[in-house]
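Asker: Could you have a look at this structure, given as C-alpha coordinates, before my questions?
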Amino acid sequence: MRFTDIFVHRPVLSTVVSLLILLIGARAAMEMEIRQYPELESTTVTVTTAYPGASSDLIKGFITTPLQQAIAEASGIDYLTSTSSQSVSTIEAKMELNYDANDALAEIQAKVASQRNVLPA
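Quick note: to get the numbering used here, add 8 to the position in the sequence shown (first position is 1).
As C-alpha coordinates, this is what we get:
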(Lines of atoms letter the chains of each structure in order from A; the text may use other names.)
(Lines give C-alpha, C1' and ligand atoms only; values in the text may rest on other atoms or scores of the structure.)
Protein backbone atom coordinates (compact mmCIF):
# COMPACT_ATOMS: atom_id res chain seq x y z
CA MET A 9 0.00 0.00 0.00
CA ARG A 10 1.35 3.36 -1.05
CA PHE A 11 1.28 6.52 1.07
CA THR A 12 -1.38 8.16 -1.09
CA ASP A 13 -3.69 5.13 -0.83
CA ILE A 14 -4.30 5.97 2.84
CA PHE A 15 -5.88 9.29 1.86
CA VAL A 16 -7.90 7.76 -0.98
CA HIS A 17 -9.49 5.20 1.34
CA ARG A 18 -10.00 7.70 4.18
CA PRO A 19 -11.19 11.05 2.76
CA VAL A 20 -11.86 12.48 6.24
CA LEU A 21 -8.19 11.99 7.12
CA SER A 22 -7.11 13.96 4.07
CA THR A 23 -9.46 16.80 5.04
CA VAL A 24 -8.16 16.83 8.62
CA VAL A 25 -4.51 16.86 7.49
CA SER A 26 -5.25 19.69 5.04
CA LEU A 27 -6.97 21.74 7.76
CA LEU A 28 -4.11 21.06 10.16
CA ILE A 29 -1.56 22.31 7.62
CA LEU A 30 -3.73 25.38 6.99
CA LEU A 31 -4.01 26.17 10.72
CA ILE A 32 -0.29 25.76 11.33
CA GLY A 33 0.46 28.06 8.38
CA ALA A 34 -2.04 30.69 9.58
CA ARG A 35 -0.59 30.65 13.10
CA ALA A 36 2.96 30.97 11.78
CA ALA A 37 1.89 33.91 9.60
CA MET A 38 0.28 35.66 12.58
CA GLU A 39 3.37 35.25 14.76
CA MET A 40 5.74 36.51 12.09
CA GLU A 41 7.19 39.93 12.90
CA ILE A 42 6.75 42.37 10.04
CA ARG A 43 7.88 45.98 10.12
CA GLN A 44 6.90 48.58 7.62
CA TYR A 45 9.83 50.74 8.68
CA PRO A 46 12.65 48.51 9.90
CA GLU A 47 15.12 49.96 12.36
CA LEU A 48 18.17 51.16 10.47
CA GLU A 49 21.10 53.01 11.96
CA SER A 50 22.66 55.59 9.68
CA THR A 51 25.89 57.03 11.06
CA THR A 52 27.68 60.18 9.92
CA VAL A 53 30.98 61.29 11.43
CA THR A 54 32.01 64.90 10.81
CA VAL A 55 35.60 66.10 11.27
CA THR A 56 35.96 69.89 11.36
CA THR A 57 39.41 71.47 11.48
CA ALA A 58 40.20 75.17 11.89
CA TYR A 59 43.40 76.88 10.71
CA PRO A 60 42.87 80.63 11.20
CA GLY A 61 44.09 82.86 8.41
CA ALA A 62 44.69 80.09 5.85
CA SER A 63 43.25 80.26 2.35
CA SER A 64 40.93 77.54 1.06
CA ASP A 65 43.67 76.17 -1.25
CA LEU A 66 46.10 75.92 1.66
CA ILE A 67 43.44 74.23 3.80
CA LYS A 68 42.69 71.76 1.01
CA GLY A 69 46.33 70.88 0.37
CA PHE A 70 47.67 70.67 3.91
CA ILE A 71 44.65 69.64 5.99
CA THR A 72 41.72 68.27 4.01
CA THR A 73 43.61 65.97 1.63
CA PRO A 74 45.82 64.20 4.24
CA LEU A 75 42.92 63.78 6.65
CA GLN A 76 40.59 62.55 3.92
CA GLN A 77 43.13 59.96 2.77
CA ALA A 78 43.61 58.72 6.34
CA ILE A 79 39.88 58.59 7.09
CA ALA A 80 39.20 56.74 3.82
CA GLU A 81 41.24 53.81 5.16
CA ALA A 82 38.74 53.24 7.99
CA SER A 83 36.42 50.28 7.63
CA GLY A 84 32.68 50.65 7.16
CA ILE A 85 32.77 53.90 5.19
CA ASP A 86 30.18 54.21 2.43
CA TYR A 87 31.43 57.54 1.07
CA LEU A 88 33.26 60.73 2.05
CA THR A 89 32.50 64.37 1.31
CA SER A 90 34.74 67.29 2.13
CA THR A 91 34.75 71.06 1.86
CA SER A 92 37.64 73.44 2.25
CA SER A 93 36.90 77.09 2.84
CA GLN A 94 38.69 80.08 4.33
CA SER A 95 40.26 78.85 7.62
CA VAL A 96 38.01 75.73 7.93
CA SER A 97 38.06 72.15 6.66
CA THR A 98 35.03 69.87 7.02
CA ILE A 99 35.04 66.16 6.20
CA GLU A 100 31.90 64.02 6.48
CA ALA A 101 32.15 60.24 6.53
CA LYS A 102 28.87 58.45 5.80
CA MET A 103 29.02 54.96 7.24
CA GLU A 104 27.36 51.82 5.89
CA LEU A 105 23.87 51.09 7.22
CA ASN A 106 23.79 49.56 10.70
CA TYR A 107 27.53 50.10 11.21
CA ASP A 108 28.16 50.67 14.92
CA ALA A 109 28.50 54.40 15.61
CA ASN A 110 30.94 53.92 18.50
CA ASP A 111 33.25 51.75 16.41
CA ALA A 112 33.15 54.28 13.57
CA LEU A 113 33.93 57.20 15.85
CA ALA A 114 36.79 55.38 17.58
CA GLU A 115 38.38 54.29 14.32
CA ILE A 116 38.10 57.71 12.69
CA GLN A 117 39.50 59.39 15.82
CA ALA A 118 42.49 57.04 15.64
CA LYS A 119 43.00 57.84 11.94
CA VAL A 120 42.86 61.60 12.61
CA ALA A 121 45.23 61.27 15.58
CA SER A 122 47.74 59.42 13.39
CA GLN A 123 47.87 62.45 11.07
CA ARG A 124 48.56 65.09 13.75
CA ASN A 125 52.29 65.14 13.05
CA VAL A 126 51.60 65.77 9.34
CA LEU A 127 49.20 68.69 9.87
CA PRO A 128 50.44 72.28 10.25
CA ALA A 129 50.73 73.52 13.83
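Where is the CB? At the ideal position from N, CA and C, for every residue including glycine.
All figures in this text were calculated on a predicted structure; none of them were measured in a lab.
1. According to the neighbour-count rule (16 or more other Cβ atoms, all chains shown, within 10 Å of its Cβ), is residue 105 buried or exposed?
2. Give the straight-line distance between the Cα atoms of residue 124 and residue 78, rounded to the nearest whole angstrom.
3. By how many angstroms is the C-alpha of residue 51 removed from the C-alpha of residue 69?
4. In the structure shown, what three-state DSSP assignment does residue 39 receive?
5. For residue 30, which of helix, strand or coil comes out of DSSP?
Answerer: This is what the structure holds:
1. exposed
2. 11 Å
3. 27 Å
4. helix
5. Secondary structure of residue 30 (DSSP, three-state): helix.
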